[in-house]
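This report concerns only the one structure given below.
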Amino acid sequence: MIEKVGVYCRLSDEDRFKANKNDDSDSIVNQKSMCIKYALKQGWDVVDIYSDDDFSGAGTYRPEFERLIKDCESGRINLVLCKTQSRFSRDMEIIEKYLHNKFIEWNVRFVSIVDNADTNIESNKKSRQINGLINEWYLDDLSQNIKKSLKNKREDGLFMGSFAPYGYMRSSEDKHKLVIDPVASKVVKDIFKMYENGYGYYKISEYLNNANVLTPALYKKQNGSKYVSGTCDYGNVRWTNDTIAKILRNEVYIGNLVQGKKTSLGYKVHKFKTVPKKDWCRIENAHEAIISKDTWEKVQKRLASHECPVKSGEIHFLSKKVYCLNCKKVFMRNVYNVKDGKRAYLQCKGVRRLHNCCNNKAIRLDELEEVLLNAINDLLDNYYDKEKLENEYNIRESKNTNDEGIQILEQEKVLLNKKIEEEKIYYRKLYEDKANLVITEDMFKMLSSDYTKEIEEMNRRVSIIDEEIESLKKITENKKQAKDILKKYKHISKLNKVIVDEFIDKVYIGVYDKETKSRDIEIEWNFEF
10 MIEKVGVYCR LSDEDRFKAN KNDDSDSIVN QKSMCIKYAL KQGWDVVDIY SDDDFSGAGT
70 YRPEFERLIK DCESGRINLV LCKTQSRFSR DMEIIEKYLH NKFIEWNVRF VSIVDNADTN
130 IESNKKSRQI NGLINEWYLD DLSQNIKKSL KNKREDGLFM GSFAPYGYMR SSEDKHKLVI
190 DPVASKVVKD IFKMYENGYG YYKISEYLNN ANVLTPALYK KQNGSKYVSG TCDYGNVRWT
250 NDTIAKILRN EVYIGNLVQG KKTSLGYKVH KFKTVPKKDW CRIENAHEAI ISKDTWEKVQ
310 KRLASHECPV KSGEIHFLSK KVYCLNCKKV FMRNVYNVKD GKRAYLQCKG VRRLHNCCNN
370 KAIRLDELEE VLLNAINDLL DNYYDKEKLE NEYNIRESKN TNDEGIQILE QEKVLLNKKI
430 EEEKIYYRKL YEDKANLVIT EDMFKMLSSD YTKEIEEMNR RVSIIDEEIE SLKKITENKK
490 QAKDILKKYK HISKLNKVIV DEFIDKVYIG VYDKETKSRD IEIEWNFEF
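For the numbering used here, count along the sequence shown from 1 and bump the result up by 9.
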């Protein structure tokens, strides 16, 4: 029978010595030359040459490989010739499927030159299987090494994504470094600002669509990116609530890189699984931020509260701020028709939705707004009265008491740590004395017990000091924050979401008293002053 040979060549890594993209790499040329010479020497007829350049031996799709298999099945060729078995495939399943099953069924012979694989030689089968296992182990090791390499690069703060996040672009000097995109970053800032000012997802996306702002997918495409979205219809792309939400939750905009959220199931399985959040690689200050930390924290706080916008698309400035003093459930906004038009009320959720489990009466929204406005202005008046008094009488503390407290605690901590180290040295000497039979085992236990107790007590005190220092630092920061906010305003004539979010954490509405026609309203401020 005449051997009709199909020569198969493959190279997985891109060969940098190609003259141009469409040329065969040096390795492919060498493989072809070796196989053709071998076939001629054996007196075989080379029917066709199949060449997959830049394709992995573990890949499930290789165009020339697919053509080779079809020609084998049709009978066009009856001998497959490769330089090595690994050129045909490194995957043990493919080796078993074709070399030991399909090729036998189709009466096709397989020969590899370097490792002497030949399916016509029965005793050669174990060698072929061993070659397949070795190649499979190689792929597994390669997969693990690639994962480790990517992990190390992420931990070094290098951006390893395929495409830069919207608002950034890759640095021209270092492709693993993100730099701010001046055009897209402006849109990101606008999105955060609008949400901070009370706009909901729908209102923001509507604004961007009406302004004909390109979506992230279209913007990437316009700038020559090869990015392709599996869910995006490029003929009808619009800003959506989901796009806005993803941008508002992405830490990349405060300079942080959060990577490694997904990992492949294996080099054979082209699927991914989600990595637990605790195992994500999170590097702070990896690149220049677009959004300030202050804006980020305000936005995340609002996102966590699940505020709902009203019909206008804006979030009311008291959304998720007002609670019932009686049952602690949130007050919800409702609008009723009255003689002179419509009037907004806030009512306890326990009354509205939970079978009247609460007897708290609704409160008019405009009346509550007036109470809060007066309370904020009273706070401002008290601050400026106090500041004026301090200026007139030169009342200034010579040193911040919190700073003094921190300094005293830190000094105590230094002394304690020094004492702990001394006790540890004594303990080691005591152990050496026991080892050298200077003291007995019982004496060592008795003396070491005292040292151990002292060290434990001092360590406990150090932990308490750390907590006290942290608490004093928070108080100092809180006072600074309060002053920074109060200095921004002299008198407020109208409330908005920015003002309310700066001053007020929560408002508690008490039960309405029919006799006094009043109710308690308690305000929890964002700071103490």
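For every residue, glycine included, the Cβ atom is placed at its ideal position computed from N, Cα and C. These numbers come from a predicted model, not from an experiment.
Would you tell me roughly how many angstroms separate the C-alpha atoms of residue i and residue j, rounded to the nearest one?
i	j	result
L446	S458	18 Å
H296	F201	19 Å
E8	I508	Shown here, the chain extends from 10 to 538; a query on residue 8 therefore has no answer.
K370	I299	45 Å
F548	L381	One cannot answer for residue 548 here, as it falls past the ends of the chain, which runs 10 to 538.
Q268	Q309	20 Å
E182	E537	48 Å
D251	E205	17 Å
K160	S171	15 Å
R437	Y177	56 Å
S136	I113	17 Å
Y228	N218	13 Å
R85	R258	58 Å
I385	I530	13 Å
I256	Y216	16 Å
A313	K351	31 Å
K106	D80	16 Å
Y392	D288	46 Å
E378	D387	14 Å
D100	S180	38 Å
V280	S214	It should be noted that the sequence gives Lys, not Val, for residue 280. Each residue's alpha carbon lies about 32 Å from the other.
E477	R311	30 Å
Less than 7 Å separating the beta-carbons of residue i and residue j?
i	j	result
V38	A48	no
L547	Y175	Outside the displayed range of the chain (10 to 538) lies residue 547, so it cannot be described from this structure.
Y424	I474	In the sequence on display, residue 424 carries Leu and not Tyr. No.
T517	R528	The identity of residue 517 in the sequence shown is Tyr, whereas the question assumes Thr. It is not a contact, given that the beta carbons lie outside the stated cut-off.
G207	K483	no
I415	L481	yes
L20	D62	yes
D442	I448	yes
V471	K427	no
V196	V222	yes
T485	N383	no
Excluding the 5 residues flanking residue i on each side, which residues of the same chain have their C-beta closer than 8 Å to its C-beta?
i	result
E82	K111, W115
K338	Y332, C357, K358, G359, L363, C367
E164	C290, I292
S194	G176, Y177, I299
S407	Bear in mind that the predicted position of S407 carries a pLDDT of just 41, short of 50, making it unreliable; the figure below should be weighed with that in mind. The answer is none, since no qualifying residue turns up.
N343	A353, Y354, L355, Q356, R361, A371
M467	L425, K428, I429, E432
Suppose the cutoff is 6 Å on Cβ atoms and the five residues either side in sequence are ignored; what does the same chain contact list for residue i look like?
i	result
D514	E533, N535
T93	S121, V123, D124
E432	Y460, E463, I464
C336	G359, C367
L327	none
Please classify residue i as buried or exposed, where buried requires at least 16 neighbouring CB atoms within 10 angstroms.
i	result
V117	buried
K526	exposed
A220	exposed
A444	exposed
N2	No statement about residue 2 is possible, as the shown extent of the chain runs from 10 to 538 and does not include it.
P72	exposed
V89	buried
I11	exposed
G15	buried
I130	exposed
R469	exposed
Y440	exposed
Q51	exposed
S60	buried
K523	exposed
K330	buried
S42	exposed
Starting from the C-beta of residue i, find all residues in its chain whose C-beta is less than 7 Å away, skip the five residues before and the five after it, and write them out in chain order.
i	result
I372	Y354, L355, I518
L167	H185
S234	F172
T128	L108, F112, R118, F119
I45	V16, V55
Q231	L223
Is the shortest distance between the beta-carbon of residue i and the beta-carbons of chain B less than 7 Å?
i	result
S314	Looking at the structure shown, chain B is missing, and only one protein chain is on hand.
task = Please confirm if the stretch 487-499 is in contact with the stretch 181-191, defined as three or more CB-CB distances below 8 Å between the two stretches.
result = no
inquiry  = Does the stretch 266-273 come into contact with the stretch 284-303, if we say contact requires no fewer than three beta-carbon pairs (one atom in each stretch) closer than 8 Å?
reply    = yes
ask   = Can at least three beta-carbon pairs, one atom from the stretch 250-269 and one from the stretch 290-309, be found at a separation below 8 Å?
value = yes
task = Evaluate the contact criterion for the stretch 379-396 versus the stretch 491-504: three or more CB pairs, one atom per stretch, below 8 Å.
result = yes
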